[in-house]
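Novice: Dropping a structure here in structure tokens format, bear with me for questions.
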Amino acid sequence: MKKCAIFAGGDVPENSTERLLERLKETDLVICADCGYNHARRLGVVPNIIVGDFDSYTEELPSGIEILQSVPDKDDTDTLMAVKHAIELGYSNIDLYGGLGGSRFEHSFANIQTMIYAYQQGCTLNMYGDSDLTIQGADDGEVVYRSRDNGVYISVFALSESLGIDYFRGVKYPLEDYCMVQSFPIGVSNEITEGKARLRINNGLALIIITNK
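In this text, residue positions in the sequence shown follow our numbering: the first is 63, and each later residue adds one.
Put into structure tokens, the structure is as follows:
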């Protein structure tokens, strides 16, 4: 399966550089969304495409790279533009870096909504930073989340109005035959206790956030 990496303008932590560069070895296409190009340039990564209205990246654009420039007055965020273009090019496995943090919280929230958009198009979009974000739905069956050397917090949130959970096992606070709702964050900061956690959803859409202790 072809993989695309997208750099957005949020935070790309220095301590994640080694892991990021290792993932990029398996990447077939790199797209930068506006000032996300700053991250690629810092890491020595040459993108294939840069998209955006360039209200955030105001320096001279590089030569020899495809540039897709939009007008500032548009419906799509720069990151959503990049995701849509990746999907148009046939990529259904997308890694997003710089999707969280930065000075504008609204863009972090917009990027979570962009993850939902990608999922609805039949694509996998994972967001990486200090925490790793992914979306899991009922059609995904059982999904296994593995612990790392220093342990992992795993949070499960209902993105749909309700989230039917068959089971959530291998964690400090397991759930069986449970209905999670948007208005009660019971799934925050659980802990993987058995090396791997197993989650099976029977209805709805979940946001999964994995954070090192």
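Virtual Cβ for every residue (Gly too), placed ideally from N, Cα, C. Computed from a predicted model, the values in this text were never measured in an experiment.
For residue 247, count neighbouring C-beta atoms within 10 Å of its own C-beta (all shown protein chains included) and say buried if the count is 16 or more, exposed if not.
Specialist: On the sequence shown, position 185 is the one that residue 247 refers to. Its Cβ having fewer than 16 others within 10 Å, residue 247 is exposed.
Novice: Relative to the C-alpha of residue 220, which residue among 88, 250, 193 and 94 is closest?
Specialist: Sequence index remark: in the sequence shown, residue 220 carries index 158 (1-based). Nearest C-alpha to residue 220: 250.
Novice: Taking residue 194 and residue 272 to be in contact with their CB atoms under 8 Å, please state how far apart those CB atoms are, rounded to whole angstroms.
Specialist: Walking along the sequence shown from the start, residue 194 turns up at place 132. Walking along the sequence shown from the start, residue 272 turns up at place 210. About 5 Å; that satisfies the 8 Å criterion.
Novice: So, for residue 170: in the same chain, excluding its five sequence neighbours on each side, which residues have a beta-carbon less than 6 Å away from its beta-carbon?
Specialist: For the purposes of this step, residue 170 is taken as residue 108 along the sequence shown, with counting starting at 1. Excluding residues within five positions, the ones whose Cβ falls inside 6 Å are 162.
Novice: State yes or no: is the C-beta of residue 217 within less than 9 Å of the C-beta of residue 252?
Specialist: One-based indexing of the sequence shown puts residue 217 at position 155. One-based indexing of the sequence shown puts residue 252 at position 190. For residue 217 and residue 252, yes; Cβs fall inside 9 Å.
Novice: Tell me whether residue 146 sits in a helix, a strand or coil according to DSSP, three-state version.
Specialist: As a working mapping, residue 146 is identified with position 84 in the sequence shown. DSSP places residue 146 in helix when its eight states are reduced to three.
Novice: Measuring straight from C-alpha to C-alpha, what distance separates residue 137 and residue 117?
Specialist: Your numbering for residue 137 matches position 75 in the sequence shown. Your numbering for residue 117 matches position 55 in the sequence shown. Taking the straight line joining both Cα atoms gives about 15 Å.
Novice: Quick check on residue 235: buried or exposed, where buried means 16 or more other Cβ atoms within 10 Å of its Cβ?
Specialist: Here residue 235 is taken as the residue at index 173 of the sequence shown, counted from 1. Exposed, by the Cβ-count rule.
Novice: Contact between the region 226 to 244 and the region 172 to 192: three or more CB pairs below 8 Å?
Specialist: Touching, no, given that fewer than three Cβ pairs across the two stretches are closer than 8 Å.
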